[in-house]
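The sequence shown begins at 0 in numbering that gives the first Met the number 0 and counts up one residue at a time.
Working notes, beginning with the structure itself.
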Amino acid sequence: MEPLFTFWRFLLLTCFALVLSVSPAHAQWKQISSPDGGLITSIFHYNSMYFVRTPNGVYRSTDNAQSWHNTNLNLPFYYDITPVKSFASSGDRLYAGTSSGIRVSVDSGNTWLTQGVGDIPSFLIAQDSVVLCARYTFDTYPKSVIQRSSNYGTSWTKLQLPFLQSAQVTGLAITPTSVILTTDAHGMFRSSDQGKTWDTLKNNLSTEPLSTLIADGNLYYCGTSYGKIFRSSDNGDSWQELAATSALVPVTSILAKGAMLYYSTLGGGLFRSTDSGISWKECTTGPMNKRIYSVVGSPPNLLAHSDQGEGIFRSTTSGETWDVANKGINAQPILHIFSDIDTLYCYTLKSGFFRSADRSASWEKLFTTLPADAQVTCFRRRGNTVFVGTTNKGIYRSRDNGLHWESIGKEIPPQYITSLALYNTSLSIIGEEAAIYVSTDDGDSWKNVSPGADYVTRSLYLHDNILLAPPYISVNSGQSWQFDSLGFGTKCLVEYDSILYAGTSGGLYKSENHGISWTLVETFELPSLSSTFEIAVLGATIYAGTQNGIYTMVDTIFSSRDWFPAAIENEYIRSITSIDSTVFAGIEEKGVMKSVLYTRSWVKANTGLDNLLVRKLVSKGSFLVAGTLAGLYVSRDKGEHWTTTNSLLSSKSILALEWKGTLLFASASTGGLYRSSDSGSTWTQIYTGNPANPISALSATSTTLFAAQTIKFSAA
């Protein structure tokens, strides 16, 4: 009997993070200037100075935000993308909570000394010689930890506080007579001896979900997760409601300076009161938006920031009017980078397109009339005609250098446009469905020249009759295709001065014959927390855009680089997914861990997850589904809590999970295939299968569900 072979093709994705060490002897990469502004994660006001924390480091301003300069608080990037977590001050001492301990400065932040405590505090306060720090931890189970120093941070004592078991600290503030600590759902606590001992406060906020806390003189102010503001004048014994937003959104920060009060919300806007909270007015003049994370300063000079990537908002009129103050802040998350002759372009996460004609020394904002909901993935220019591909809106064309735009390619099915290529009069695109289209009339009409494969990379190159869409290449304008030597690991393709460069998972390659053969330039990987990786080339300099900024490398031959592990070391990563800016990893025998993008610190997310042998994670909206060795679990609050599904899957080993529209599919080691139409609450078996040949992988398009089966065979 002849052997019978049955092949099922599916894509296996192994996710891991590596960080590159650049030694002085081999400093091939250096960070350059990107457009001002970007993501701000916190602001701290100290005397006449401001400090801002970004995913790209800590910046300081000494001139009321007229300019910003990088500080010497920044650690090497392989320790932590955002090494500084919190600030506090007392007298002439400035404290910073970092990933390598508490740092202290006595010269207004010019120099810093490291002082004890290995934990990274989310909250830090100081009074006289006493310093208190608090953080939320998942060491063995969810809890908050408080540490205290009575000698300016030189030595520390971890306080044993049973009431903080399972509680998440949301605020820590101090007045001349007391310290108050607030939690998310476990009330508030007070110390009258600078944090040595603590008592539970029984008041009208004991059951409120508290989100923020500050002190001003002898007064305390706190905000809730439902948009309410309260004030206490008796050390927290009682609280008076001052304001409530119409939207039930969290209060993210409060600023109190005498009768001037300000509070920010995550979705409700920024508000101010000039009469101690009797009346309120929303701050809407200028570039402000509704998602404000914090407001700091001393009226009339104020700073605020949001989570939308605009950088710093500044007011010199006590909040009446606002402008942007980003000069010197280099924290734009770069999604894509493009080159055009001697011009460099970049597309940012929140701020759109920028252009530099002087190799990144300065940047100009472009294409402000492109539809706001067009999420750009690729860009090409021919004279004054500009083409962009998007994730959600197809292809746009501008014939006047970006002043006006029109949608083109109506005959192309809606899909993620992953790449654009231009050669003479030809324009080519590649879509997510392994589809390649060519136009010879600037996009007015299109021809499908796809290789008929089930996978091509998200990169496309066109030269004369050569079409390169790794792992396939065509030398006759797409009429026939063959495998290319680059294989499946290609991330991007660019051409400059007749040389084609390819960024792959195995290094940087170049071709001088339009993709027929390749030479390895350099084995490298950049520290990026997103799946986007782009390359542009100007002369011998290669530009790479990552979520952490822009880097450069000169195209010469260098020795191999060293590699550094990500925050999760020596673990078997079974699956990885994300919700918004949070990444979730399914880890063998460790359950689920999560990390907020840009922080690269990981915490356990296993509350209610009884089986820690997680084999598969999938997400949709705020739903997170985990398939384990013994059952399936669902989280409806982004991994905070887990519940089991019905008994149909409660004891089965889950092999695969896949969303198809609003339907969720699961396969089990018993051979069955199951479907849920309510995000995993209930399940229906739709295929019985055979335990000897279980469905090991699932994949779906908009119209079709594909199942990969394990086929056992023998040869006679």
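Glycine included, each C-beta is placed from N, C-alpha and C at the ideal position.
Model, not experiment: these values are computed from the prediction.
- The residues 71, 72, 95, 102, 103, 104, in chain order, have a CB closer than 8 Å to that of residue 111 in the same chain once the five nearest residues on each side in sequence are set aside.
- Approximately 5 Å separates the beta-carbon atoms of residue 296 and residue 44; this is inside 8 Å, confirming the contact.
- Judged by DSSP in its simplified three-state form, residue 662 adopts strand.
- In this structure, DSSP gives residue 265 an extended state, which the three-state scheme calls strand.
- For residue 225, the closest of 687, 267, 426, 132 by C-alpha to C-alpha distance is 267.
- Contact between the region 334-344 and the region 308-325 is absent: fewer than 3 CB-CB pairs across the two stretches fall below 8 Å.
- C-alpha of residue 84 to C-alpha of residue 92: approximately 17 Å in a straight line.
- Restricting attention to 614, 259, 263, the CA atom closest to the CA of residue 272 is found in 259.
- The region 578-593 makes no contact with the region 117-135: fewer than 3 CB pairs, one atom from each, lie closer than 8 Å.
- Residue burial annotation: residue 402 is exposed, with fewer than 16 other C-beta atoms found within 10 angstroms of its C-beta.
- By DSSP's assignment, residue 48 forms a beta bridge with 45.
- In this structure, 643 is the residue among 643, 628, 257 with its C-alpha nearest to the C-alpha of residue 634.
- The beta carbon of residue 639 sits closer than 8 Å to the beta carbons of 604, 606 from its chain, once the five residues preceding and following it are set aside; these are given in chain order.
- Rounded to whole angstroms, residue 622 and residue 497 show a C-alpha spacing of 48 Å.
- The region 385-394 and the region 412-429 touch, with no fewer than 3 CB-CB distances between them shorter than 8 Å.
- The shortest CA-to-CA distance from residue 332 to any of 205, 353, 314 is the one to 353.
- Scanning 278, 270, 275 for the CA closest to the CA of residue 284 turns up 270.
- Rounded to whole angstroms, residue 42 and residue 253 show a C-alpha spacing of 13 Å.
- The shortest C-alpha to C-alpha distance from residue 653 to any of 679, 659, 637 is the one to 679.
- Going by DSSP, residue 383 is part of no beta strand (DSSP E) at all; its letter is neither H nor E.
- Restricting attention to 143, 312, 602, 631, the CA atom closest to the CA of residue 613 is found in 631.
- Taking all protein chains shown into account, residue 371 has fewer than 16 neighbouring C-beta atoms within 10 Å of its C-beta and is therefore exposed.
- In the displayed model, residue 353 falls within a strand according to three-state DSSP.
- With fewer than 16 other beta carbons inside 10 angstroms of its own, residue 405 counts as exposed.
- Counting along the chain, the unbroken beta strand (DSSP E) around residue 103 starts and ends at 100-104.
- Per DSSP, the beta bridge partners of residue 255 are 260.
- Contact between residue 681 and residue 675 holds, with the beta-carbon distance rounding to 6 Å and staying under 8 Å.
- Look at residue 162 here: in three-state DSSP terms it is helix.
- Comparing C-alpha distances from residue 683 to each of 689, 672, 691, 692 shows the shortest one belongs to 672.
- With at least 16 other beta carbons inside 10 angstroms of its own, residue 305 counts as buried.
- Within 10 angstroms of the beta-carbon of residue 164 lie fewer than 16 other beta-carbons, which makes it exposed.
- Annotation: residue 152 to residue 647 spans about 55 Å, alpha carbon to alpha carbon.
- Burial check for residue 169: the Cβ neighbour count within 10 Å reaches 16 or more, so the residue is buried.
- Counting only the Cα atoms, residue 194 lies some 12 Å from residue 175.
- If you look at residue 171, you'll find it in the beta strand (DSSP E) that goes 168-173.
- In this model, residue 697 and residue 407 are separated by some 34 Å (Cα to Cα).
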